[in-house]
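**Student:** Before anything else, here's the structure in question.
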Amino acid sequence: MKPIRLRPIGFVKNKVKKPRFGGFANEISEIILKKKFTNALNGIEGYSHVLVIYWMDKVKNYVIIHRPQGNPEVPIVGIFSCRCPQRPNPIGITTVELIERKGNKIKV
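If you want this note's numbering, it's the 1-based position in the sequence shown plus 25.
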């Protein structure tokens with residue numbers, strides 16, 4: 026297979042200081058796109074939610090099998106059978122509420 030090349034078009038800013046798994050439901054983040062993509066956001070204010078596809082850049086190694094959240098009460102499963110980030114390609118997707126847009130920035 027040919028490699029797939031991804032190019033970042035922005036980044037996320039929030040007040041979270043330590044990496045963690047989950048628990049972001051009450052966090053407000055700002056997604057800042059490169060200025061050249063500002064017009065790509067035109068009309069987004071008409072929506073209540075947006076899909077965000079992102080690269081989990083803090084994931085350094087992947088696993089094939091995993092015990093979700095290290096919980097001994099949970100069975101070991103293949104990495105694609107859970108939501109854990111240690112994937113061969115750490116691509117994430119989430120749906121978030123759109124709070125506001127200002128230029129090339131959206132608050133979610």
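Glycine included, each C-beta is placed from N, C-alpha and C at the ideal position.
Can you grab the Cα-Cα spacing for the pair valine 75 / phenylalanine 105, in whole Å?
**Tutor:** As a first step, residue 75 must be located in the sequence shown, where it is residue number 50. As a first step, residue 105 must be located in the sequence shown, where it is residue number 80. Approximately 24 Å, taken between the alpha carbons.
**Student:** Rank Pro28, Gly128 and Val121 by C-alpha distance to the C-alpha of lysine 59 and give the top, closest one.
**Tutor:** Reading the sequence shown from its first residue, position 34 is the one you call residue 59. When only C-alpha atoms are compared, the closest one is Gly128.
**Student:** From this set, Lys43, Ile56, Ala50 and Asn51, which residue's C-alpha is nearest valine 37's C-alpha?
**Tutor:** Here residue 37 is taken as the residue at index 12 of the sequence shown, counted from 1. When only C-alpha atoms are compared, the closest one is Ile56.
**Student:** Who does lysine 132 pair with in a DSSP beta bridge?
**Tutor:** Stepping through the sequence shown from its first residue, residue 132 is reached at position 107. Per DSSP, Glu55 and Glu125.
**Student:** Measuring alpha carbon to alpha carbon, tell me which of Cys107, Leu123 and Asn114 ends up nearest tyrosine 79.
**Tutor:** Taking the sequence shown and counting its residues from 1, the one referred to as residue 79 is at position 54. Tyrosine 79 has its Cα closest to that of Asn114, out of Cys107, Leu123 and Asn114.
**Student:** Report buried or exposed for valine 88, applying the criterion of at least 16 other Cβ atoms within 10 angstroms of its Cβ.
**Tutor:** Counting from 1 along the sequence shown, the entry for residue 88 is found at position 63. Exposed, since its Cβ has fewer than 16 Cβ neighbours within 10 Å.
**Student:** If distances are taken between C-alpha atoms only, which option among Ala50, Pro28 and Arg112 comes closest to aspartate 25?
**Tutor:** A question about residue 25 goes unanswered here, because the residues of the chain that appear run from 26 up to 133.
**Student:** How many angstroms separate the CA atom of asparagine 51 from the CA atom of valine 77?
**Tutor:** By 1-based counting over the sequence shown, the position of residue 51 is 26. By 1-based counting over the sequence shown, the position of residue 77 is 52. About 16 Å.
**Student:** Determine the closest residue to isoleucine 34 out of Phe62, Arg108 and Ile124, with distance taken between C-alpha atoms.
**Tutor:** What you label residue 34 is simply residue 9 of the sequence shown in a count that begins at 1. Residue Phe62 is the option with its Cα nearest to isoleucine 34.
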